[in-house]
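Residue numbers (the numbering used here), protein chains in the order written: chain A, 1 to 401; chain B, 402 to 802; chain C, 803 to 1203; chain D, 1204 to 1604.
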């Protein structure tokens, strides 16, 4: 039997960490003994645990310890993180450490340094002496890549115990939830986010336009509740089509459904905007005089349109290369404190992959499947609301007025 | 500031109980201080916690203490449970205690007595000196009904930490789960349930027949893996229609869809079975010679068909009164150790309401919504599998062969 | 080769009938030749078709002709319908004719008589000399039951070609539909239905309360837009719980989720209402002073609560026997011109089974599955709206104000 | 009142065309009169209709006639198609004609010429004297673009009346469909497609791997049932991860769920494959020795991986630019006679946009929403199967063995 002692600190009970630690040890075939456990006596004080982990084989113990490191375990056997050079552009050494969406610290020269650009499924690369979370494909030949093992620690997010909607509704996904209360709580969190100076990110899918939620979203933009819009070609196209064609042709809006030849409309809208030179130019030239994109341009709110294989057109503003689009999303997410994911499976999951776990997230969708997927990724500060996005936006806008 | 000390015992970390305790105190506007916390040093040892709860108002403290009682808190201020007579048939005293699906103990004459027929949303009624969980509508005038407050304790189920599918997949609902492993784990649990002599309950919806899963389910019945079938008129009718009409008319089976006038088929099947005098009689008289109901009759497996407002016919075996049907379900669930819920929202939720939390449950459905609903009811020993029930049954049957 | 000539009259193209006729002949292994076809020259004029059907075997021809009869075919070989006595209570002669939801005519004594109480999956029973659609289980021993073959004709509904939402959105089920327009069209149809003196039926599930749609539904009731409410124990209980407990305890409404012991609330509400003697009595005695049920009682709107195996309580008003509940639904549906099905799979499908195909139906649900099921039953005058029922009701109420 | 006579030819009843013509005229505010209608007397003969369309305003008549042209109407007033030069790269003249997915003919120099590369939402561009369907973004400055109006005709697909699964199950989307029969019919169609020398396209999402359907899909590839695989980075990565890591680490496969740090696995797999130089090279070098991608490489089956904003890695084989990816998909779809869409919303809808309506399509998904979306696009030769893709593939493979 081999064994090692690990220690944990933080809101261990609230955050489920201790439970996960016990699970992992047993699942991997080990045993544990809790040497010491001091629970935070009040709501504000952290807990402390010291656990002896045992296993029959050294390899098993290693596997357990690696898993526990992802849960925030520190071992007594300290040491600097080890690095190996990338074997080529985008080619990592096999023993690379893969990041989570939890805050991560790397020990170099005896000091713990926080990783920058925290996001999951990245390599930890030393750039300018500091560890950065870098997507595999963007690691360059020869850059020092952190390896699994000593010298890397994470700080799992702690479930908030304060009286916030993220505290008590977190990971409660159901169509049966009281939506009025969840939306009111979302509004409250947006106000708090405003006060702390953090940014509010909106991820939007085309269903926002189909459900008529674009009107309320436009108002939120004008009223300063949105700092950046992450979306794709389809949302922007539908919004622009509604803006450009509603008065002239308007067939769609009259009959309520696609007409034969009705696909002309969105191609026509793309054509008009691209002829103007892009969305900003179309607004400036008076081609587009209403809609969410119009409001975003007028208000100076940045937006990023990521392309997809489904796209028509696309709009000139759409970034058709996915690597470039991911980089633009990452840039746009800097400073985010809160994220509204509105009826877009593709972009919501993309953004979920890029966000640190600490960002408060509200995911609105018609079925449980997207919220369930996001919640399975370990995002603790997330609410899933199964409702029509048009409903959500109208109510939210009314709460914030 | 008023305060009171409560103590908890059990697998407090594994079972999330301590987390819920902290949440509840803060949510209700109180504060807490952990006086003592001893964590079970190994996997087998229980933990112990002593917590001082404080609130500004006595009413707030009462509300918190009542909520904590549902989580298993014992207070120092002991006393017998209080009872008041039912005001009429089905009419409870207003201060009635409402049960959970956790094991419950009632203190009478200074001794803790386990409640019988544990199920949720019931009154605790003294019958023959012992507390029974009785559905509100079935409490009789004058019977002693337990009131909220002292003398009632629950023992929340503890999440199993053993290497079972219910240990590590519990409350993990996703279409992305590895189904092969979940089904293999289900088979293993069925074998264990067999060995301990507990019963395996199957709850089945008509989609079992539509998806062709009836063939595998029939084999499971024949091979002794099913102890009781809880379902409704529709499942039995579809199964019997397939059994009776496949060779003579068989139109449906050839064309794969409902034909004009095809509804005759299920009415015809009901007619033939009812003419024989019921399902058992139809099997004995050779009217029905195959199918799940046939196998159940031949094997002597009991089944309960609960009626619904949607039913055609109904079959003579269908219990059309819902109170009677609920009683029959309750009887049939006695001794259950495991429950397979197969593609039936109505009957699965009905059974979920009647089962103690300790019964291991596998819920198979095409969407996340039924598993999410069941998991929101606090069933810890449950897996939700988002897949086609035909697929599940074929694979499960192959694992058990 | 045997053959027979059948004729069809009506809006054959609009209603898809001719297409279905051709399909059915070919699917069943026959051939056809169109002898004559006169299309209605304008929107208002019916078409006429005379088709020779051929098959290799007389049995095949019979099977085809029976299928075509369900589509409205008349054959030259006229004759009265044949009847045979029911073999027992609820036991039909094997050759019984099974009804559709289309208007049906029975030839007796040389004259065509319209069947009463048109609904699907029924026997045609002569009562007082006239044919009635009677549920299998309610046919009495010895009553004359119509047999398959000559003397029975249906008139399939013709898809409306008028500028109504049922004309152009019919059977268009999609979350992408423009909901604003669909809801506006629904409001228009409700006004038309009012003008023609037909009744508007509302079928409601508990999600109406969860989503906050109860407020708008209550206003629709008060403003006279609802003639009857068909629902179950759960919707009424949630509505009454909200009415009774919101000011006194209100915990649920504050925290937005189920609390430990929170199930007390709905049991408490049932208890209070049952103690008063029922819903009407609870309103009269001031126990209930708000909510949809309150508004219905005050406005004198009838409601039917059908029980289900899932129910708690139940409320005294709930009909626990399913046969009795179906009869009460059938009574309540008399004179219905329009039906709103609001987020209740169980009751919507039950009502879909009881409605003639000509009743205009709007089905609102969070997923496509209920609308798809209803549309597969051949209801032509139906729209499926995939949205949150709270959203639908708020918008609809605003349109009708 | 202005009026014009239009004529239609084909299987007008089977294909719903005449119904749509009547709908459109009335919806747009016009009237019609059927001058002549000759229905095809037997299953094989086409019908002919001559319809006078009337409207109060010339503009209304124009709008109606344009809509009817999309339905295959030919007007007496013949003339060549009109063209105008593209105003810039990707900038069309405003009056451009937008294509459908129906076969399209363009009249130039008095002769009708079939458009090449038929797909929806394209411009019709003269290249080498022949009209081509060209995506808006790929039209080059100055190229002649066909304008709306005279000289363009479509031939709507006619619903097959033969005894095929696409004949009788078409646009029947339901979880209640008999899957055994639908899958058997799919197998039959695949055999027919083989015989006619057309190609079978498979579109696959990562759920194929999660559900264990990869084993059956690999066998279908080896047995020659698949001509091309269209997918994305995620499916290939999951398949390769399973191939590379199952024996060495295998944690995922043992525990059945994501482990902390488990995301390493797919990054590791991408790393290994990219280091080898790509998928083909990884197979050749023995890095990958099983799985669908392995089978495809060994069998010489082409595959196209389209990138998306969600991707990790990506694999070297993934086309990260969406314009390039669309072009590659279009190339790969040439000669397609049949398409299996397997649990991938993104790629299925992308391919649905690129396929002519005549290609027979089977769409398998866990919910109704993707099949409903595809069916709303007017694809007549399509079946939607709501089931687990693993189930579908296992059964299909068994049928084809």
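For each residue, glycine too, the CB sits at the ideal point set by N, CA and C. Computed from a predicted model, the values in this text were never measured in an experiment.
Exercise for the section: Using a Cβ-Cβ cut-off of less than 9 angstroms, list which residues of the segment 1550–1580 of chain D approach chain B; keep chain order. Expected result: 1569 and 1570
Exercise for the section: Would you be able to state if there are at least three C-beta pairs under 8 angstroms between the segment 517–532 of chain B and the segment 1095–1103 of chain C? Expected result: Taking 8 angstroms as the limit for Cβ pairs, the verdict is that the segment 517–532 of chain B does not touch the segment 1095–1103 of chain C.
Handout entry: Residues near residue 918 of chain C in its chain [Cβ-Cβ closer than 8 angstroms; skip 5 each side]
Key = 932, 933, 934 and 935
Handout entry: Range covered by the beta strand (DSSP E) that runs through residue 805 of chain C
Key = 804–812
Problem - Beta carbon proximity, residue 211 of chain A to chain C, threshold 7 angstroms - result: yes
Handout entry: residue 1190 of chain C at chain A interface by Cβ criterion, 7 angstroms
Key = yes
Handout entry: The alpha helix (DSSP H) enclosing residue 735 of chain B, as first and last residue numbers
Key = Note, residue 735 of chain B: premise wrong, no alpha helix (DSSP H); not H, not E.
Problem - Closer than 7 angstroms at the beta carbon, the chain D residues around residue 317 of chain A - result: Neighbours of residue 317 of chain A on chain D: none; closest Cβ ~13 angstroms, over 7 angstroms.
Practice task
Mark residue 3 of chain A as exposed unless 16 or more other C-beta atoms lie within 10 angstroms of its C-beta, in which case mark it buried.
Solution key: exposed
Handout entry: Three-state class that DSSP yields for residue 1458 of chain D in the structure shown
Key = A caution first: residue 1458 of chain D carries a pLDDT of 42, below 50, which makes its placement in the model too unreliable to give a value.
Practice task
Measuring only between beta-carbons, confirm whether residue 98 of chain A sits less than 7 angstroms from chain D.
Solution key: yes
Exercise for the section: Could you tell me which chain B residues have their CB closer than 7 angstroms to the CB of residue 33 of chain A, listed as they occur along the chain? Expected result: 442 and 443
Practice task
Examine chain B for any beta-carbon lying closer than 7 angstroms to the beta-carbon of residue 1197 of chain C, and answer yes or no.
Solution key: Chain B contact via Cβ: absent.
Handout entry: Three-pair Cβ contact test at 8 angstroms for the segment 804–820 of chain C versus the segment 850–869 of chain C
Key = Yes, the segment 804–820 of chain C is in contact with the segment 850–869 of chain C.
Problem - Identity of the residue in C:844, C:952, C:940 and C:851 nearest residue 1244 of chain D by Cα - result: Ranking the options by Cα distance to residue 1244 of chain D, first place goes to C:851.
Problem - Interface flag, residue 1115 of chain C vs chain B, CB-CB below 7 angstroms - result: yes
Handout entry: Among C:1192, C:825, C:817 and C:863, nearest to residue 1247 of chain D - alpha-carbon criterion
Key = C:825
Handout entry: Euclidean distance between Cα positions of residue 672 of chain B and residue 211 of chain A
Key = 47 angstroms
Exercise for the section: Indicate whether residue 1195 of chain C and residue 1018 of chain C have their beta-carbon atoms separated by less than 7 angstroms. Expected result: yes
Exercise for the section: For chain D, find out if any of its Cβ atoms is closer than 7 angstroms to the Cβ of residue 229 of chain A; answer yes or no. Expected result: no
Practice task
May I ask you to verify whether the segment 470–487 of chain B touches the segment 543–559 of chain B, counting CB pairs closer than 8 angstroms and requiring at least 3?
Solution key: yes
Handout entry: residue 416 of chain B, buried or exposed, once every other Cβ within 10 Å from all chains shown has been counted against 16
Key = buried
Exercise for the section: Could you name the residues of the same chain whose beta carbon sits closer than 7 angstroms to that of residue 693 of chain B, not counting the 5 residues immediately before and after it, in chain order? Expected result: 615, 618, 619, 622 and 640
Exercise for the section: Check whether the segment 1130–1139 of chain C touches the segment 721–732 of chain B, taking contact to mean three or more Cβ pairs, one atom from each stretch, closer than 8 angstroms. Expected result: Short answer: they don't touch.
Practice task
Mind checking which residues open and close the alpha helix (DSSP H) that includes residue 1156 of chain C?
Solution key: That run of the alpha helix (DSSP H) goes 1147–1156.
Problem - Same chain, Cβ closer than 6 angstroms to residue 1085 of chain C, five either side skipped, listed in chain order - result: The residues are 1096 and 1099.
Exercise for the section: In angstroms with no decimal places, state the Cα-to-Cα distance between residue 1321 of chain D and residue 1340 of chain D. Expected result: 16 angstroms
Problem - Contacts of residue 792 of chain B in chain D (Cβ-Cβ under 7 angstroms) - result: Those are 1591, 1593 and 1594, listed as they occur along chain D.
Problem - Boundaries of the beta strand (DSSP E) in which residue 850 of chain C is found, first to last residue - result: Unbroken beta strand (DSSP E) run through residue 850 of chain C: 849–857.
Exercise for the section: Show which residues of chain E have a CB atom less than 9 angstroms away from the CB atom of residue 1044 of chain C. Expected result: Among the protein chains in the structure shown, which are A, B, C and D, there is no chain E.
Practice task
Using three-state DSSP, classify residue 644 of chain B as helix, strand or coil.
Solution key: helix
Exercise for the section: Name the residue from A:273, A:388 and A:349 whose alpha carbon lies nearest to the alpha carbon of residue 317 of chain A. Expected result: A:273
Exercise for the section: Put residue 1401 of chain D into one of helix, strand or coil per three-state DSSP. Expected result: Looking at residue 1401 of chain D - three-state DSSP - the assignment turns out to be coil, as it is neither helix nor strand.
Problem - Neighbour list for residue 593 of chain B in chain A, Cβ cutoff strictly below 8 angstroms - result: Contact note: residue 593 of chain B does not reach chain A at a C-beta cutoff of 8 angstroms; the least C-beta distance is about 17 angstroms.
Problem - Cβ distance (whole Å) where residue 599 of chain B is taken to contact residue 738 of chain B below 8 angstroms - result: Right, the Cβ-Cβ distance comes to about 2 angstroms (below 8 angstroms), so this counts as a contact.
Handout entry: Bridge partner(s) assigned by DSSP for residue 438 of chain B
Key = B:450
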